[in-house]
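In short: position in the sequence shown from 1, add 308, done, that's this note's numbering. C-beta atoms are modelled at their ideal positions from N, C-alpha and C, and glycine is treated no differently.
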Amino acid sequence: MKNLSFSLFGIVIFLVSCVASELRAQFGRSGWRQQDAFDVVVGGDFGFHLISGNTADEAAAALISNRRGYENNKLNYRLGFNYYLGLSPTLSIKAGARYANPGFTTSPVESFDPAQDINTVIKDFEPFGSEYRYEYQMFEFPLGVKYTLINSICEPYFEAGVSPAIYWRTLVQQRSYEGGTSVTEVQESMNRLNFIGFLSVGGNLNLTQSLSGFTQLIGRYQLNSLRKGPVQERVLGLGLEMGLRYYL
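What follows is the structure in structure tokens.
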């Protein structure tokens with residue numbers, strides 16, 4: 309009877325090992341859930357900003373029209389890291405941190421004091437005037453869900469979530485027609501806490517058993533107004549990110 313018990317126990321251990329091996333073969337690094345991972349990421353995006361407000365108010369409508377007419381898109385960059393916690397063979401959740409610098413540039417306009425609130429400046433076109441580059445420096449903390457297509461070579465995946473973003477400061481770079489450049493830190497009436505929705509699609513390139521490279525396209529949309537006051541502003545972006553992911 310004892311020999312039979314040992315035999316049954318051995319068979320159970322063998323079957324469990326076979327199932328685990330099959331799961332590992334089928335799901336790669338997944339097994340019964342996605343393997344936990346840590347990554348570092350850098351990227352850039354083509355930034356947009358939406359200006360809106362109460363156009364029934366003549367003063368607000370004039371400022372909105374002026375800003376829309378003289379402000380342009382800007383190239384931005386981000387860098388940071390993420391941690392992934394596996395939930396199932398295809399799903400994981402992520403939490404991370406980013407430094408970001410969205411903003412906008414202006415067309416050549418008559419010079420104005422960059423320390424002024426941009427919502428109080430009426431800009432006038434001047435071909436030999438100054439160009440201004442506004443940079444909103446902030447820290448983002450993305451929280452999201454990742455879905456991975458496990459039975460494929462490059463492991464394509466989709467991510468969606470929300471990034472709470474803490475506004476830090478505004479830097480304004482003024483470039484004169486003659487070539488001079490100056491940078492001014494501006495104190496603006498901004499919402500310190502903001503929320504940015506994001507959606508991304510990407511793929512992994514396995515380098516070793518525990519390390520892979522990845523590239524992803526990502527779109528962002530700010531859910532609240534960055535600025536306080538009658539003229540509202542939201543930042544958007546569409547860009548590319550890449551990095552290295554280490555599986556724990």
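For the beta strand (DSSP E) that contains Arg406, what are its first and last residues? Taking the first residue of the sequence shown as position 1, residue 406 is located at position 98. Element bounds for Arg406: 399 to 408.
Arg367: first and last residue of the uninterrupted alpha helix (DSSP H) it sits in: Counted from its first residue, the sequence shown places residue 367 at position 59. The question names Arg, but residue 367 is Ala in the sequence shown. Start and end: 366 to 378.
Kindly give me the distance between the Cβ atoms of Asp353 and Tyr392, rounded to whole angstroms, as I take these residues to be in contact under 8 angstroms. Position 45 of the sequence shown holds residue 353. Position 84 of the sequence shown holds residue 392. Between Tyr392 and Asp353 the Cβ distance is about 22 angstroms, and since that is not below 8 angstroms, they are no contact.
Assumed close pair Tyr378, Gly411 - CB separation to whole angstroms, cut-off 8 angstroms: Along the sequence shown, one-based indexing puts residue 378 at 70. Along the sequence shown, one-based indexing puts residue 411 at 103. With a Cβ gap of about 14 angstroms, Tyr378 and Gly411 do not count as contacting.
Have a look at Gln342, Val417, Gly351 and flag the residue whose alpha-carbon is nearest the alpha-carbon of Asp432. For the purposes of this step, residue 432 is identified with residue 124 of the sequence shown, where counting begins at 1. For Asp432, the nearest C-alpha among the options comes from Val417.
Does the stretch 452 to 468 touch the stretch 502 to 517, meaning 3 or more C-beta pairs lie closer than 8 angstroms? yes
Would you tell me roughly how many angstroms separate the C-alpha atoms of Thr414 and Glu448, rounded to the nearest one? Translated into positions along the sequence shown, residue 414 becomes position 106. Translated into positions along the sequence shown, residue 448 becomes position 140. Straight-line Cα distance between these residues: approximately 25 angstroms.
Pick from Val539, Asn532, Gly551: whose alpha carbon is nearest that of Gly361? Against the sequence shown, residue 361 aligns to sequence position 53. Measuring from the Cα of Gly361, the nearest candidate turns out to be Val539.
Could you tell me which residues DSSP puts in a beta bridge with Ala345? Numbered from its first residue, the sequence shown carries residue 345 at position 37. Per DSSP, Tyr392, Tyr555.
Among Thr398, Thr492, Gly469, which residue has its Cα nearest to the Cα of Val480? Residue numbering aside, residue 480 sits at position 172 when the sequence shown is read from its first letter. When only C-alpha atoms are compared, the closest one is Thr492.
Report the partner residues of Gln415 according to the DSSP bridge assignment. The sequence position of residue 415 within the sequence shown is 107, counting from 1. Going by the sequence as given, residue 415 is Ser instead of Gln. For Ser415, which the question treats as bridged, DSSP gives no partner whatsoever.
For the candidate residues Thr363, Arg483, Ser471, whose alpha-carbon lies nearest to that of Glu439? As a first step, residue 439 must be located in the sequence shown, where it is residue number 131. For Glu439, the nearest C-alpha among the options comes from Arg483.
Beta-carbon spacing of Asn384, Lys402 below 9 angstroms: As a working mapping, residue 384 is identified with position 76 in the sequence shown. As a working mapping, residue 402 is identified with position 94 in the sequence shown. Contact: no.
Rank Leu548, Asp425, Leu515 by C-alpha distance to the C-alpha of Thr523 and give the top, closest one. Position 215 of the sequence shown, counted from the start, is the residue given in the question as residue 523. Closest option to Thr523, Cα to Cα, is Leu548.
Using the C-alpha atoms, what's the distance from Met550 back to Ala408? Here residue 408 is taken as the residue at index 100 of the sequence shown, counted from 1. Here residue 550 is taken as the residue at index 242 of the sequence shown, counted from 1. Taking the CA atoms as reference points, Ala408 sits about 15 angstroms from Met550.
Quick check on Ile430 - is its C-beta less than 9 angstroms from some C-beta in chain C? No chain C is present in this structure, which holds just one protein chain.
Does DSSP classify Ile426 as helix, strand or coil? For this step, residue 426 is matched to residue 118 along the sequence shown. If DSSP states are grouped into helix, strand and coil, Ile426 belongs with the helices.
State the CB to CB distance for the pair Ser471 and Phe506, rounded to an integer number of angstroms; the pair is presumed to be in contact (CB under 8 angstroms). Along the sequence shown, read from residue 1 onward, the residue named residue 471 stands at position 163. Along the sequence shown, read from residue 1 onward, the residue named residue 506 stands at position 198. Rounded, the Cβ-Cβ distance is 6 angstroms, consistent with contact.
Drop a sphere of 10 angstroms on the beta-carbon of Ile371, count the other beta-carbons inside from all chains shown, and report buried for 16 or more, exposed for fewer. As a first step, residue 371 is located in the sequence shown; it is residue number 63 there, counting from the start. It is worth fixing the name first, because residue 371 is Leu in this sequence and not Ile. Buried is the call here.
What is the DSSP secondary structure of Gln387, reduced to helix, strand or coil? Mapped onto the sequence shown, residue 387 falls at position 79. The question names Gln, but residue 387 is Leu in the sequence shown. DSSP places Leu387 in strand when its eight states are reduced to three.
Opening and closing residue of the beta strand (DSSP E) in which Lys431 lies: By 1-based counting over the sequence shown, the position of residue 431 is 123. No beta strand (DSSP E) contains Lys431, which DSSP labels as neither H nor E.
Reducing DSSP to helix, strand and coil, say where Thr516 ends up. One-based indexing of the sequence shown puts residue 516 at position 208. Note: Thr516 maps to coil in three-state DSSP.
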